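Engineer: Here it is, the structure, as structure tokens.
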Amino acid sequence: MGTWNKPPKKSPWDKGTPPPDIDELLNNLQNKFKFGMPKKGGLTLILIVAVVVWLATGIFIVDPEEQGVIKRFGEVTNVVGPGPHYHLPAPIETVQIEPVTSVRRL
Numbered sequence: 079m080g081t082w083n084k085p086p087k088k089s090p091w092d093k094g095t096p097p098p099d100i101d102e103l104l105n106n107l108q109n110k111f112k113f114g115m116p117k118k119g120g121l122t123l124i125l126i127v128a129v130v131v132w133l134a135t136g137i138f139i140v141d142p143e144e145q146g147v148i149k150r151f152g153e154v155t156n157v158v159g160p161g162p163h164y165h166l167p168a169p170i171e172t173v174q175i176e177p178v179t180s181v182r183r184l
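Below, the structure is given as structure tokens:
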């Protein structure tokens with residue numbers, strides 16, 4: 079605070095440090111969200127994970143009282159019995175699982 083006839087050396091609103099640069103703030107924020115991603119192969123990694131998940135959707139299990147019919151583009155290609163099986167994921171192949179030991183009556 080200045081004396082009566084002398085102005086203060088600093089403005090009361092001056093904090094002494096300039097505000098942070100917007101570009102620097104955005105870069106820091108962007109770096110915080112890059113924690114596990116490689117710099118050049120991020121898109122490749124995402125595509126690999128997506129393909130693996132898509133391929134994993136082809137796993138199916140047939141119960142003991144059922145049979146599975148695998149259809150490739152709508153044409154029956156295989157009939158499978160109980161147990162775990164694999165088919166090419168949609169839209170290439172589909173599986174229709176039907177009970178075969180139950181009796182249906184009208």
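This note's numbering applies: residue 79 is where the sequence shown begins, and numbers increase by one.
Cβ coordinates follow ideal geometry from the N, Cα and C atoms, glycine included.
The structure presented is a predicted model; accordingly, all values stated were derived computationally and were not measured.
Using only the alpha-carbon positions, how far apart do T135 and P162 sit?
Structural biologist: As a working note, residue 135 is residue 57 in the sequence shown. As a working note, residue 162 is residue 84 in the sequence shown. If you take the alpha carbons of T135 and P162, they lie about 13 Å apart.
Engineer: So, does the CB of Q108 fall closer than 7 Å to a CB anywhere in chain B?
Structural biologist: Of the chains in the structure shown, none is chain B; there is only one protein chain.
Engineer: Assuming the contact rule is C-beta atoms closer than 8 Å, Q145 and V158 should be a hit. Round their C-beta distance to whole Å, please.
Structural biologist: As a working note, residue 145 is residue 67 in the sequence shown. As a working note, residue 158 is residue 80 in the sequence shown. So it is a contact: roughly 7 Å between Cβ atoms.
Engineer: In the DSSP assignment, find the alpha helix (DSSP H) that holds V120 and state where it starts and stops.
Structural biologist: Residue numbering aside, residue 120 sits at position 42 when the sequence shown is read from its first letter. For the sequence presented, residue 120 should be read as Gly rather than Val. It spans 120-134 - the alpha helix (DSSP H) in which G120 sits, taken as one unbroken run.
Engineer: Count the other CB atoms within 10 Å of the CB of I148; is the residue buried (16 or more) or exposed (fewer)?
Structural biologist: As a first step, residue 148 is located in the sequence shown; it is residue number 70 there, counting from the start. When all chains shown are included, I148 counts as buried.
Engineer: I believe P177 touches E143 by the beta-carbon criterion, under 8 Å. Please report the beta-carbon distance rounded to the nearest angstrom.
Structural biologist: The residue given as residue 177 occupies position 99 in the sequence shown. The residue given as residue 143 occupies position 65 in the sequence shown. So it is a contact: roughly 6 Å between Cβ atoms.
Engineer: Give the straight-line distance between the Cα atoms of F151 and V131, rounded to the nearest whole angstrom.
Structural biologist: The residue given as residue 151 occupies position 73 in the sequence shown. The residue given as residue 131 occupies position 53 in the sequence shown. Distance between the alpha carbons of F151 and V131: 21 Å.
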